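In this note's numbering, the protein residues as written are 1 to 194.
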């Protein structure tokens, strides 16, 4: 990943010099206006770098307990600033909760869970990255998904681009008493619910 960012910066730098030679832009003015972009790209490359543990190290291949877990409780509340959240909920009386990430993905597997009696809410929010939720096949859910810049795929319904929003209600939502309202927002990133 690191080579990608440095390669990208070199290509961008060469492209800007070429445009300056062709008279399309003034290179010195462009650099003086947009040099903070290089700092942003450098920062993103540092954040995106993953450092796997050596094969023989203690805990190698074992997910971090803070970020990856199997939950049997009625509520889930997890947050992460740097890193992913991977949760498999097995509760037979699930009542929702909240999951939030800043730089990272959130993956919530509810395929083995059953919703508790009543109407409950699950809130999933994030800034950069992807959110993915897998619901049980017979789940009654009302999904509200929005992203400032990214792609939404909610039960096969697709929307992308700038300021996208999808509202979807499963056909059985009004008939059953154990149902879940799911609110998902991402600033920059994709959302997938299936």
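Ideal Cβ placement from N, Cα and C applies to all residues, glycine included.
In this text, all values refer to a predicted model and were calculated from it rather than measured experimentally.
Look up residue i in the DSSP assignment and say whether it is helix, strand or coil.
i, result
"residue 11", "helix"
"residue 216", "The structure shown does not extend to residue 216, since the chain is modelled only from 1 to 194, so the question has no answer here."
"residue 33", "helix"
"residue 171", "coil"
"residue 18", "helix"
"residue 44", "helix"
Identify the continuous beta strand (DSSP E) that holds residue i and give its terminal residues.
i, result
"residue 155", "It is not in any beta strand (DSSP E) - residue 155 carries neither H nor E in the DSSP assignment."
"residue 122", "118-128"
"residue 109", "106-109"
"residue 97", "96-103"
"residue 114", "It is not in any beta strand (DSSP E) - residue 114 carries neither H nor E in the DSSP assignment."
"residue 78", "76-82"
"residue 86", "85-89"
"residue 185", "178-188"
"residue 131", "131-134"
Which residues in the same chain have their Cβ closer than 6 Å to the Cβ of residue i, if we skip the five residues on either side of it in sequence?
i, result
"residue 183", "123 and 144"
"residue 115", "94, 178 and 180"
"residue 121", "96 and 181"
"residue 18", "none"
"residue 160", "151"
"residue 12", "none"
Going along the chain, which residues of its own chain have a beta-carbon closer than 8 Å to the beta-carbon of residue i, five neighbours each way excluded?
i, result
"residue 71", "87, 88, 89, 90 and 91"
"residue 74", "91, 93, 94, 95 and 116"
"residue 16", "25, 27, 30 and 31"
Any idea if residue i is buried or exposed, counting beta-carbon neighbours within 10 angstroms, 16 or more meaning buried?
i, result
"residue 81", "exposed"
"residue 37", "exposed"
"residue 189", "buried"
"residue 110", "buried"
"residue 204", "There is no way to answer for residue 204, as the model of the chain reaches only from 1 to 194."
"residue 174", "exposed"
"residue 135", "buried"
"residue 158", "exposed"
Going along the chain, which residues of its own chain have a beta-carbon closer than 7 Å to the beta-carbon of residue i, five neighbours each way excluded?
i, result
"residue 69", "87"
"residue 163", "148"
"residue 98", "77 and 123"
"residue 43", "none"
Is there contact between the region 89-106 and the region 120-129, where contact requires at least three CB pairs shorter than 8 Å?
-> As far as the Cβ criterion goes, the region 89-106 touches the region 120-129, which means the pair count is three or higher.
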